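Have a look at the structure below, then the notes.
Numbering (full-length UniProt numbering), first residue to last: 1 to 45.
Have a look at this one:
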């Protein structure tokens with residue numbers, strides 16, 4: 001079903017995939033910090 005999406009990504013090379021994975025992990029980390037901060041604000045407010 002996702003062959004059109006997965007194919008080109010595999011052809012780009014492993015280094016590019018590592019960059020994408022690192023970028024996504026950074027976004028997840030920032031979202032977790034933001035969510036934690038928001039919970040603190042909501043609890044205090």
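Every residue, glycine too, gets a C-beta built ideally from N, C-alpha and C.
The structure displayed is predicted, hence computed values, not measured ones.
6 Å Cβ shell around residue 18 - same chain, five flanking residues per side excluded: none
Quick one: grab the DSSP three-state call for residue 45. In the three-state reduction of the DSSP assignment, residue 45 falls in the coil class.
Pairwise C-alpha distance: residue 45 and residue 23: 33 Å
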